[in-house]
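Numbering (the UniProt record's numbering), first residue to last: 1 to 364.
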């Protein structure tokens with residue numbers, strides 16, 4: 001193994017950390033600048049009551065984004081997040097009318113995990129693109145939600161059901177605290193554990209990871225189920241906060257979640273991503289959506305911002321991937337040239353060594 005081969009992983013890790021730091025600083029600057037701009041227009045924007053509302057909206061998207069980010073780091077994607085969000089909210093609200101709230105909440109979250117697990121099974125067993133599978137699941141689950149609700153809102157839940165979404169701890173709403181805890185746990189998992197290393201390796205090169213002994217089936221099913229559980233948890237928290245559920249819950253929710261994940265630096269092809277960037281992008285998008293309304297602008301402008309941010313993030317991601325692949329090919333050629341004259345033995349010309357092998361033999 002050459003020195004270049006030994007140092008490549010460290011150089012790549014250093015480059016990823018540098019890019020992540022630059023991205024995080026950029027997101028922080030955008031957050032500060034946008035908040036200052038909105039505050040100038042509406043001096044009530046940064047008040048505690050306003051920030052509590054913004055934080056609650058951010059927490060629902062953020063919890064789902066954490067699960068989606070883990071899945072995307074592994075090279076997979078789930079487009080049915082919005083429908084899972086709605087299903088879990090509706091299931092928990094419907095059951096809360098007849099069974100203890102704790103069981104209703106648990107069943108709602110579990111329903112999200114079940115849909116995620118089924119998505120993962122289909123993707124793994126049939127070896128179909130997750131985009132196709134989860135796009136079908138998005139429509140199927142949304143239809144199931146409409147059937148369960150009769151296309152009507154679910155109300156009449158008991159006070160016990162609303163405790164989860166409306167409680168506060170040290171003045172902090174419980175959904176926000178749950179988001180913080182989930183984000184910290186995911187950050188530790190991805191950065192400090194062997195499982196996190198396996199997730200990155202699987203997303204970076206699935207075939208090589210499986211050849212090295214990783215259980216691809218367990219990783220795929222586990223992460224799809226986790227993504228479903230997180231979307232389900234977000235849906236149940238929203239239903240508990242609002243005291244009911246609507247069949248229109250979660251429409252467009254998957255766009256917000258995926259935009260936050262990609263904008264936060266998770267590679268759409270897998271293998272790269274850090275939770276800090278995802279959390280910051282969730283906060284930024286949540287502030288933009290709320291800030292547009294606070295400034296008295298058309299709320300639909302928020303959709304333009306989210307859609308534009310997704311396109312820009314994907315474009316930047318793709319350009320970065322192309323540059324990375326170009327560097328990999330160049331490094332491979334340099335190592336090929338340095339491996340005991342392998343290039344010369346095959347009759348290839350290497351930079352700095354213009355004499356073909358045939359001429360070298362002829363001059364001996």
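For glycine and all other residues, C-beta sits at the position ideal for the given N, C-alpha and C.
As the structure is a prediction and not an experimental result, all values here were calculated from the model.
Length of the line joining the Cα atoms of residue i and residue j
| i | j | result |
| --- | --- | --- |
| residue 242 | residue 108 | 15 Å |
| residue 117 | residue 36 | 43 Å |
| residue 305 | residue 51 | 20 Å |
| residue 222 | residue 308 | 32 Å |
| residue 42 | residue 297 | 12 Å |
| residue 246 | residue 38 | 31 Å |
| residue 268 | residue 226 | 18 Å |
| residue 278 | residue 263 | 7 Å |
| residue 198 | residue 53 | 37 Å |
| residue 189 | residue 300 | 37 Å |
| residue 29 | residue 280 | 11 Å |
| residue 205 | residue 270 | 9 Å |
| residue 224 | residue 87 | 16 Å |
| residue 149 | residue 23 | 43 Å |
| residue 211 | residue 124 | 17 Å |
Coarse secondary structure for residue i, derived from DSSP in three states
| i | result |
| --- | --- |
| residue 139 | helix |
| residue 29 | helix |
| residue 187 | helix |
| residue 150 | coil |
| residue 43 | coil |
| residue 227 | helix |
| residue 37 | helix |
| residue 212 | coil |
| residue 220 | helix |
| residue 204 | helix |
Nonlocal neighbours in the same chain, by C-beta distance under 6 Å from residue i, ignoring five residues either side
| i | result |
| --- | --- |
| residue 17 | none |
| residue 72 | 261, 266 |
| residue 231 | 64, 81, 84, 85, 112 |
| residue 310 | 259 |
Any non-hydrogen atom of the ligand ZN within 7 Å of residue i CB
| i | result |
| --- | --- |
| residue 305 | In the structure shown, the ligand ZN is absent, as is every other ligand, since no ligand is present at all. |
Of the residues the options, the one placed nearest residue i, counting alpha carbons only
| i | options | result |
| --- | --- | --- |
| residue 195 | 218, 228, 257 | 218 |
| residue 164 | 85, 177, 153, 248 | 177 |
| residue 254 | 44, 38, 61 | 61 |
| residue 57 | 294, 100, 286, 330 | 286 |
| residue 26 | 290, 284, 288, 174 | 284 |
| residue 294 | 45, 198, 258, 59 | 45 |
| residue 91 | 30, 120, 238, 167 | 238 |
| residue 273 | 47, 192, 34, 69 | 69 |
| residue 129 | 110, 78, 140, 106 | 78 |
| residue 174 | 135, 240, 33, 290 | 240 |
| residue 236 | 106, 20, 49 | 106 |
| residue 250 | 32, 40, 142 | 142 |
Same chain, Cβ closer than 7 Å to residue i, five either side skipped, listed in chain order
| i | result |
| --- | --- |
| residue 202 | 74, 75, 209, 214, 216, 219 |
| residue 234 | 60, 63, 64, 85 |
| residue 256 | 61, 285, 306 |
Same chain, Cβ closer than 8 Å to residue i, neighbours up to 5 away in sequence not counted
| i | result |
| --- | --- |
| residue 146 | 247 |
| residue 382 | Outside the modelled stretch of the chain, which goes from 1 to 364, sits residue 382, for which no answer is possible. |
| residue 103 | 95 |
| residue 282 | 58, 61, 62, 65, 260, 264 |
Any C-beta of chain C under 8 Å from that of residue i
| i | result |
| --- | --- |
| residue 296 | Going by chain labels, chain C is absent from the structure shown, which holds only one protein chain. |
Every unbroken beta strand (DSSP E) within the stretch 236-302, with a cutoff of 3 residues, ordered by chain: The qualifying runs do not exist here; there are none.
Minimum length 4: unbroken alpha helix (DSSP H) runs contained in the stretch 74-140: Scanning the stretch 74-140 from its first residue to its last, the whole alpha helix (DSSP H) runs of 4-plus residues come out as 81-95, 101-126.
Those runs of the alpha helix (DSSP H) which lie wholly inside the stretch 153-179 and span at least 4 residues: With a minimum length of 4 residues, the continuous alpha helix (DSSP H) runs that stay inside the stretch 153-179 are 159-166.
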